[in-house]
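Scroll down for the structure; my scribbles are underneath it.
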Ligand SMILES: Nc1ncnc2c1ncn2[C@@H]1O[C@H](COP(=O)(O)OS(=O)(=O)O)[C@@H](OP(=O)(O)O)[C@H]1O
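What follows is the structure, given as structure tokens:
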């Protein structure tokens, strides 16, 4: 986990900025993608180009609300199990968020560093690929992702709210939300699903069998752990366990971030027209692709 106070401090500052930011002024566009002004700046994006990744960095890439804090926690626990040292990151863990000096400070951090990111594949700094950092990519079905994203905006008191779910859905489908279009993100990453050093994980698979998912992550990272150790990590990584600790690990935002942790919550929000629109978009963008098959859309998204 990130150093607790740094994480909480960063979120506190972002929420303070959010209070003064209307939804209509929340986004700025950098290289064609909308980002929240409360968390990102063009200057930091420019500084990021020069970021030097290491071969033993662990990158966790995901579209917002697909479970990045879950995987970050699992990887931190795995590192603790192999090294007996508590993983701490003295920065907010999202690579593209922070001040321009962040990457200089990160040069001093011990390995392995865990870098989370919501960046599309082609926006990551080139050194990640050149230096062959391992990349875990976590995906979640688009309907639950949209539902979680909407609740985050509308439940957290200081984050600008949408007038309604219908309004959020429209913006989500058009890709006019933080970090842009889910489908562009997915199309982009799908091209790299079989790349060396890249492993795709599915939120729904982890929900179904957390133990098996953690084992796969551990093997991908080259860790050698006993079944007992894997089980201990799994016990620490359930939704209930993480939600219970969320105030301590993530501050005031914790209970909103660890909201429900379920598959199929979209059914409480989507109407028939929205279902059809999302199904159509999935068909156009991902049906028949490797990622499209992995997402098991029929099981998770068709009522
Ligand atoms: N352990 C565990 N088990 C099941 N689900 C979990 C877990 N940890 C996080 N979550 C759920 O992941 C959603 C938040 O995703 P992210 O962490 O990617 O959010 S963020 O983009 O970084 O803000 C959010 O989903 P929703 O509950 O549907 O809103 C979290 O509850």
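Residue numbers (our numbering): 6 to 308.
Just so you know, even glycine gets a beta-carbon here, dropped at the ideal spot from N, CA and C.
### Query
Which residue or residues does DSSP assign as beta-bridge partners of residue 39?
34
#### Entry: Element boundaries [beta strand (DSSP E), containing residue 206]
203 to 207
### Query
What are the residues that DSSP puts in a beta bridge with residue 217?
DSSP output for residue 217 lists no bridge partner at all.
#### Entry: Straight-line gap, residue 152 to residue 304 (C-alpha atoms, nearest Å)
17 angstroms
### Message
Please give the ranges of any alpha helix (DSSP H) in the stretch 66 to 138, keeping only runs that are unbroken, at least 4 residues long and fully inside the region.
### Response
73 to 88, 107 to 111 and 132 to 135
#### Entry: Residue of 233, 145 and 39 minimising C-alpha distance to residue 179
For residue 179, the nearest C-alpha among the options comes from 39.
### Task
Could you check what DSSP says for residue 263 in three-state terms: helix, strand or coil?
Note: residue 263 maps to coil in three-state DSSP.
### Message
Among the candidates 300, 275, 277 and 276, whose CA atom is the shortest distance from the CA of residue 287?
### Response
That would be 300, whose Cα lies nearest to the Cα of residue 287.
### Task
For my contact list, residue 271 and residue 149 are in at a C-beta cut-off of 8 angstroms; report their separation, rounded to the angstrom.
5 angstroms
### Query
Any idea what DSSP makes of residue 155, helix, strand or coil?
helix
### Query
If you check the beta carbons only, do residue 191 and residue 291 fall under 7 angstroms apart?
yes
### Query
Is DSSP giving residue 64 helix, strand or coil here?
strand
### Span separating the alpha-carbon of residue 130 from that of residue 31
For residue 130 and residue 31, the distance between alpha carbons rounds to 25 angstroms.
### Message
Please state the DSSP three-state secondary structure of residue 164.
### Response
coil
### Message
Between 63, 18 and 187, which has its C-alpha nearest residue 227's C-alpha?
### Response
Nearest of 63, 18 and 187 to residue 227, Cα basis: 63.
### Message
Taking 8 angstroms as the cut-off, does the stretch 65 to 82 touch the stretch 116 to 128 (at least 3 CB pairs, one atom from each stretch)?
### Response
yes
### Task
Tell me, to the nearest whole angstrom, how far the beta carbon of residue 92 is from that of residue 84; I am working on the premise that it is less than 8 angstroms.
Contact between residue 92 and residue 84 holds: their C-beta atoms lie close to 5 angstroms from each other, under 8 angstroms.
### Query
If you check the beta carbons only, do residue 82 and residue 241 fall under 7 angstroms apart?
Yes.
### Query
ligand 1 heavy atoms versus the CB of residue 153: any closer than 6 angstroms?
yes
### Message
In whole angstroms, give me the CA-to-CA distance for residue 219 and residue 120.
### Response
18 angstroms
### Task
May I ask which residues mark the beginning and end of the alpha helix (DSSP H) holding residue 295?
295 to 299
#### Entry: Per-residue burial, residue 128 [other beta carbons within 10 Å of its own, 16 or more giving buried]
Here residue 128 is buried: its Cβ has 16 or more other Cβ atoms, across all protein chains shown, within 10 Å.
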